Amino acid sequence: MTIRPILLHPDPRLKRRCEPVREITDALRAAADDMLETMYDAPGVGLAGPQIGLMSRILVMDCVKDPEAAPRPMVLLNPEVTWQSEETNTYEEGCLSIPEQYAEITRPAEVKVRWLGLDGATHEEQFAGLWATCVQHEIDHLNGRLFIDYLSPLKRQLITRRMIKLKREKARA
Ligand code: ZN
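Taking the working numbering, the leading residue of the sequence shown gets 2, the next gets one more, and so forth.
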């Protein structure tokens with residue numbers, strides 16, 4: 002397993018819609034392992050393909066917060082929201098591609114998601130709490146949408162300017 006570099010906003014690859022996964026190959030399995038490794042290392046609770054420059058509909062997540070509890074690494078291919086609750090939940094979101102920037106985002110509190118597993122089978126599960134927020138955030142990535150796209154243009158520009166500055170400093174270091 003390899004820790005891959007995470008693309009930072011702004012980057013055109015983070016704004017593109019990803020292609021469906023058509024075949025579960027060894028390369029895809031290896032990419033999924035790398036994505037989990039990269040996510041745990043960051044550390045984060047979710048990571049989507051485009052964040053490592055993989056323009057396929059793949060995301061990984063593990064929202065188990067309790068360090069005593071067993072981890073639950075999940076790999077979702079071609080995930081689709083099949084149902085969402087009317088009830089909403091507001092959560093302070095961040096993103097590994099937008100480090101150190103956080104904002105309150107309101108989303109459906111619960112969602113049902115259908116996806117293809119690495120086992121080739123179709124899975125469906127209802128998510129609540131942090132899991133629901135995370136899976137919606139990561140599916141957004143597959144559609145070229147970032148959490149800052151929910152903010153006012155002014156707030157979004159402010160965060161983007163900070164990120165451009167951060168990227169410049171990183172390039173110089
Ligand atoms: Zn993100």
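Virtual Cβ for every residue (Gly too), placed ideally from N, Cα, C. These figures come from a predicted structure and were not determined experimentally.
Return the Cβ separation of residue i and residue j in integer angstroms, given the expectation that the two are a contact with Cβ distance under 8 Å.
i      : j      : result
LEU8   : GLY54  : 6 Å
VAL114 : VAL82  : 6 Å
ALA33  : LEU119 : 6 Å
GLU125 : GLY47  : Between GLY47 and GLU125 the Cβ distance is about 19 Å, and since that is not below 8 Å, they are no contact.
GLY50  : LEU143 : 7 Å
GLU111 : SER86  : 4 Å
PRO74  : ASP63  : 5 Å
ARG18  : GLY145 : 5 Å
Buried or exposed: where does residue i fall if 16 or more other Cβ atoms within 10 Å of its Cβ makes it buried?
i      : result
SER98  : buried
PRO21  : exposed
LEU155 : exposed
ARG58  : buried
ARG108 : buried
ALA133 : buried
ASP150 : exposed
THR89  : exposed
ASP141 : buried
GLU69  : exposed
THR39  : buried
What does DSSP give as the partner residue(s) for residue i in the beta ladder?
i      : result
GLY47  : MET62
ALA129 : GLU111
HIS124 : TRP116
Helix, strand or coil for residue i? Go by DSSP, reduced to three states.
i      : result
GLU38  : helix
LEU24  : It is Glu, not Leu, that sits at residue 24 in the sequence shown. Three-state result, GLU24: coil.
ARG17  : coil
PRO11  : coil
ILE4   : coil
ARG146 : coil
LEU29  : helix
LEU155 : helix
TRP172 : The sequence given here places Ala at residue 172; Trp does not occur at that position. DSSP places ALA172 in helix when its eight states are reduced to three.
Uninterrupted beta strand (DSSP E) stretches inside the stretch 50-111 (no shorter than 3 residues): 59-62, 75-85, 89-96 and 99-109
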